[in-house]
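Read through the structure below, which is laid out as structure tokens, and then see the notes.
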Amino acid sequence: MLRAVRGGRVRFLLPVSAPGPSPAPPGPLRLPPQRCLQRRLLQQAAPPASAPPRAVGRWLLACSGAVAGAVVLGGVTRLTESGLSMVDWHLVKEMKPPRTQQEWEAEFQKYQQFPEFKILNHDMTLTEFKFIWYMEYSHRMWGRVVGLAYILPAAYFWRKGWLSRPMKGCVLALCGLVCFQGLLGWYMVKSGLEERPDSYDIPRVSQYRLAAHLGSALVLYSASLWTGLSLLLPRHKLPETHQLLRLRQFAHGTTALIFLTALSGAFVAGLDAGLVYNSFPKMGERWIPDDLLAFSPVLRNIFENPTTVQFDHRILGITSFMAVTALYLFSRKIPLPRRTRMAVTSLLAVACMQVGLGISTLLLYVPTPLAATHQSGSLALLSTALWLMCELRRVPK
69 MLRAVRGGRV
79 RFLLPVSAPG
89 PSPAPPGPLR
99 LPPQRCLQRR
109 LLQQAAPPAS
119 APPRAVGRWL
129 LACSGAVAGA
139 VVLGGVTRLT
149 ESGLSMVDWH
159 LVKEMKPPRT
169 QQEWEAEFQK
179 YQQFPEFKIL
189 NHDMTLTEFK
199 FIWYMEYSHR
209 MWGRVVGLAY
219 ILPAAYFWRK
229 GWLSRPMKGC
239 VLALCGLVCF
249 QGLLGWYMVK
259 SGLEERPDSY
269 DIPRVSQYRL
279 AAHLGSALVL
289 YSASLWTGLS
299 LLLPRHKLPE
309 THQLLRLRQF
319 AHGTTALIFL
329 TALSGAFVAG
339 LDAGLVYNSF
349 PKMGERWIPD
359 DLLAFSPVLR
369 NIFENPTTVQ
379 FDHRILGITS
389 FMAVTALYLF
399 SRKIPLPRRT
409 RMAVTSLLAV
419 ACMQVGLGIS
429 TLLLYVPTPL
439 AATHQSGSLA
449 LLSTALWLMC
459 ELRRVPK
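Taking the numbering used here, the leading residue of the sequence shown gets 69, the next gets one more, and so forth.
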């Protein structure tokens, strides 16, 4: 920098640089190749913004547990013959139980007008009525809790934007099914309140409606459990071999057989078929009883003949156990991850326990605690089979 003095003024002269090309404008920041590779890998590993969070999976697992509780409580209600004690159905009004003596007597008088009291419980006291009423009341209130457990969190997750488009359809289907389940329950109870002047049998609900009610509950439970496990459990990158494909198909077929066996138990409960032949492995003195096809036409026996219903449930139970055993033995030939191996072993253990519970329940003339445990065992067996299916599911391409 030069300084010049002219006319008493001080001026500063900047040095002029040599002429040359102007500097290029600053370009984008370039990372080293190693940093670029790391950033690219992180972008590929990051889940998409629309992926449902783990909170949704935990919510669905909690919902499946609530449904399992409703199924078990419903079985106890059926075993204690309490399902017909509440003769009205109101979504909100019946949530308040009777409190005063007059309210209880009015409720008891309504019950006395229906066939179960006239034919079976004509000498029942008010204290005994309170027990069966509270059993049915607990089942209905638990059903309402299940409905709220589905609907309220679903609305919250939807509003937060935590549900992807496919998950929205799944959640809507689950909420619709839980509402349908409540209506189907009342439709089932209504069948046991109808007057049948030409019949003197013990009043009971229709076994067809009972099977539909249980079947829809099992579908709701299975769908919730499967979706929750799929969201929470990472997929195994298993080699797609022919043996693995066969194992996966075998697991799917075994799960369907377990579901069918559990559903056949509804016909056993609806017809009290567990009290017909209380011996094992034979039914009485024969392997095949004489009254197996006593009804005409023959197709009626499958769903209405207590002997045939018990026989079918036995065959399905034994076949399910043999299928689980064969699945376990076949899986030993395939290298599987530790978690998948645990699922296969657990399935065999639960199947053995379930067979033992079923035989004990039959030989001891269906005691309520043991029968309720056997019904809970069917849910445990179905749950373990769904877990195994989830472990064996494919990795999306």
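From the three backbone atoms N, C-alpha and C, an ideal C-beta is built for every residue, glycine too.
Checking 9 Å against the spacing of the C-beta atoms, do residue i and residue j come in under that value?
{"i": "G296", "j": "S132", "result": "yes"}
{"i": "L152", "j": "G250", "result": "no"}
{"i": "A291", "j": "W210", "result": "no"}
{"i": "A330", "j": "G143", "result": "no"}
{"i": "G333", "j": "H381", "result": "yes"}
{"i": "G342", "j": "L430", "result": "yes"}
{"i": "L128", "j": "L242", "result": "yes"}
{"i": "W294", "j": "L416", "result": "no"}
{"i": "T441", "j": "L425", "result": "yes"}
{"i": "P315", "j": "L450", "result": "The sequence as given places Leu at residue 315; Pro does not occur at that position. No, Cβ-Cβ distance for L315 and L450 is not below 9 Å."}
{"i": "L278", "j": "R146", "result": "yes"}
{"i": "L360", "j": "G125", "result": "no"}
How would you label residue i, buried or exposed, when you count the other beta carbons within 10 angstroms and need 16 or more for buried?
{"i": "Q177", "result": "exposed"}
{"i": "G385", "result": "buried"}
{"i": "P94", "result": "Confidence is the limiting factor: at P94 the pLDDT is only 49, short of 50, which leaves the residue's position unreliable, though a coordinate-based value still follows. Under this definition P94 is an exposed residue."}
{"i": "P435", "result": "exposed"}
{"i": "G445", "result": "buried"}
{"i": "F199", "result": "exposed"}
{"i": "P307", "result": "exposed"}
{"i": "S364", "result": "exposed"}
{"i": "V160", "result": "exposed"}
{"i": "T168", "result": "exposed"}
{"i": "Q275", "result": "buried"}
{"i": "P271", "result": "buried"}
{"i": "Y289", "result": "buried"}
Relative to the C-alpha of residue i, which residue among the options is closest?
{"i": "L312", "options": "M351, A241 and L404", "result": "L404"}
{"i": "V273", "options": "P166, V140, V257 and L315", "result": "V257"}
{"i": "C420", "options": "Q443, P437 and M390", "result": "M390"}
{"i": "P183", "options": "T387, R264 and S347", "result": "R264"}
{"i": "L447", "options": "I270, I326 and I402", "result": "I326"}
{"i": "L339", "options": "W355, L361, F371 and F197", "result": "F371"}
{"i": "E204", "options": "T148, Y224, V213 and L216", "result": "T148"}
{"i": "L301", "options": "K350, L456, V418 and W230", "result": "L456"}
{"i": "V392", "options": "Q422, W226 and T376", "result": "Q422"}
{"i": "V344", "options": "P374, W355 and D359", "result": "P374"}
{"i": "N346", "options": "R122, A285, S428 and H320", "result": "S428"}
{"i": "I187", "options": "A130, D269 and A174", "result": "D269"}
{"i": "Q170", "options": "L194, E162, M154 and M163", "result": "L194"}
{"i": "D321", "options": "F185, T387, E262 and L432", "result": "Note that residue 321 corresponds to Gly in the displayed sequence, not to Asp. Nearest C-alpha to G321: T387."}
So, under 8 Å CB-CB, residue i and residue j are touching, yes? Tell me the CB distance rounded to an integer number of Å.
{"i": "F398", "j": "F318", "result": "6 Å"}
{"i": "Q443", "j": "V140", "result": "6 Å"}
{"i": "V377", "j": "F348", "result": "Actually they are not in contact, since the Cβ atoms of V377 and F348 sit about 16 Å apart, beyond 8 Å."}
{"i": "L231", "j": "F225", "result": "5 Å"}
* **Runs of alpha helix (DSSP H) lying entirely within the region 305–358, each at least 4 residues, in chain order** => 310–338
* To do: Ignoring anything shorter than 4 residues or poking outside the region 167–240, list the alpha helix (DSSP H) runs there in chain order.
  => 169–179 and 194–228
* To do: Only counting runs of 4 or more residues, tell me where the alpha helix (DSSP H) segments fall wholly within the region 353–415, in order along the chain.
  => 368–372 and 374–399
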